[in-house]
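Student:
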Amino acid sequence: MSLYLVLDGVDGCGKSSQASLLTAWAIDRGHEVVHLREPGSTPLGEALRRLLLDRDGAAMSPLTEALLFTAARAEMVRELVAPALAKGKVVIAERCFLSTLVYQGIAPADESARVPLPLLRELGRRAHGITMPDRIVVLDLDVDVARARRAHQNPDRIEARERGYHQRVREGFLGLAREEAHCTVVDASGSHEDVQRRLRAVVEPLLPRPR
Ligand SMILES: Nc1ncnc2c1ncn2[C@@H]1O[C@H](COP(=O)(O)OP(=O)(O)OP(=O)(O)O)[C@@H](O)[C@H]1O
Ligand SMILES: [Mg+2]
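Taking this note's numbering, the leading residue of the sequence shown gets 73, the next gets one more, and so forth.
1. Roughly how many whole angstroms lie between the Cα atoms of S133 and A181?
2. Among the residues of its own chain, which have a CB less than 8 Å from the CB of L279, if the five just before and after it don't count?
3. Is it buried or exposed, P188, if we count other Cβ atoms within 10 angstroms and call 16 or more buried?
4. Could you give the distance in angstroms between the alpha-carbon of E118 and the alpha-carbon of P111?
5. Counting Cβ pairs, one atom from each stretch, are 3 or more of them under 8 Å apart for the segment 140-151 and the segment 196-209?
6. Please name the residue, chosen from P190, R222, F169 and A218, that lies closest to R205 on a Cα-to-Cα basis.
7. Quick one: does the C-beta of S184 sit closer than 8 Å to a heavy atom of ligand 2?
8. When DSSP labels each residue in this structure, what does T256 get in the three-state scheme?
9. Sorry if obvious, but does the Cβ on K87 come closer than 8 Å to a heavy atom of ligand 2?
10. Just confirm the distance between the C-beta atoms of V215 and Q239, as a whole number of angstroms; I'd bet it's less than 8 Å.
11. I need the boundaries of the alpha helix (DSSP H) containing Y237, first residue and last residue.
12. Going by beta carbon distance, what residues of the same chain come within less than 7 Å of A131, once the five residues before and after it are set aside?
13. Specify the secondary structure class of V187 as computed by DSSP and reduced to three states.
14. Determine, using beta carbons only, whether T136 and I208 come nearer to each other than 9 Å.
15. By how many angstroms is the C-alpha of G247 removed from the C-alpha of E234?
16. Could you give the DSSP three-state label for E166: helix, strand or coil?
17. State the DSSP-derived secondary structure class of I202, mapped to helix, strand or coil.
18. Measuring only the C-alpha atoms, how far is A261 from Q176?
19. What first and last residue would you give for the beta strand (DSSP E) that runs through D212?
20. Would you say E288 touches ligand 1, meaning its beta carbon is less than 8 Å from a heavy atom?
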């Protein structure tokens with residue numbers, strides 16, 4: 073028994089903070105936990121992350137973005153996720169194919185270059201193979217609250233876009249969460265502790281028996 077849990081959602085909704093808190097909590101309960109982020113976590117994935125998110129990086133088409141995110145994903149799933157699950161570990165990952173459906177398919181910055189959702193779904197299936205997330209939690213947050221939370225950080229290439237863009241991204245996540253299997257929306261407003269409490273209520277019943 074293992075668990076592949078994903079936290080997804082708009083920039084600044086709390087994926088990294090909440091994944092770290094969940095990781096510590098699950099370790100405390102006797103689980104072996106692997107905390108991963110997309111794009112990244114493997115050497116190739118981290119190199120692709122720099123290319124994709126660097127503000128000074130060259131602008132690229134949504135199709136190019138989708139292919140690079142997918143390459144990083146395929147690498148992470150094969151190198152890290154599948155082996156961890158095979159050992160009965162809990163994998164907590166930040167983002168998954170759902171982000172690619174939203175950012176490159178539903179709300180690309182260049183709307184004329186939207187990538188068709190069926191193609192993105194196929195890329196997602198290819199990257200994950202049989203190793204699909206057991207549960208995807210979309211952390212839902214008002215875009216102005218998300219922006220305020222990130223105010224002290226330097227925005228990366230995608231975060232720096234205008235408010236309407238972030239609103240389309242939020243709505244994209246909510247729409248997909250209704251359609252996709254294994255998706256749950258969790259309210260990401262309030263304190264770290266508030267959000268963590270809501271998340272644990274979703275995750276606790278999914279945890280395998282500790283080893
Ligand atoms: N519940 C919260 N209350 C107040 N601030 C928060 C809360 N959750 C996260 N933050 C702060 O908001 C910022 C963004 O949070 P975090 O990095 O966890 O989000 P993220 O979803 O991983 O963002 P990104 O998409 O940029 O990776 C951080 O500075 C974090 O400390
Ligand atoms: Mg993060």
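Ideal Cβ positions, reconstructed from N, Cα and C, are used throughout, including at glycine.
Tutor: So, to answer that:
1. 9 Å
2. L75, A98, R101, H103 and V162
3. P188 comes out exposed.
4. 7 Å
5. yes
6. Inspection of the sequence shows that residue 205 is occupied by Pro rather than by Arg. Taking only the C-alpha atoms, the option nearest P205 is F169.
7. no
8. strand
9. yes
10. 5 Å
11. Counting along the chain, the alpha helix (DSSP H) containing Y237 begins and ends at R235 to E251.
12. none
13. coil
14. no
15. 21 Å
16. strand
17. coil
18. Here residue 261 is Ser; the residue named in the question, Ala, does not match the sequence. Distance between the alpha carbons of S261 and Q176: 26 Å.
19. Its beta strand (DSSP E) spans residues R207 to D212.
20. Outside the modelled stretch of the chain, which goes from 73 to 283, sits residue 288, for which no answer is possible.
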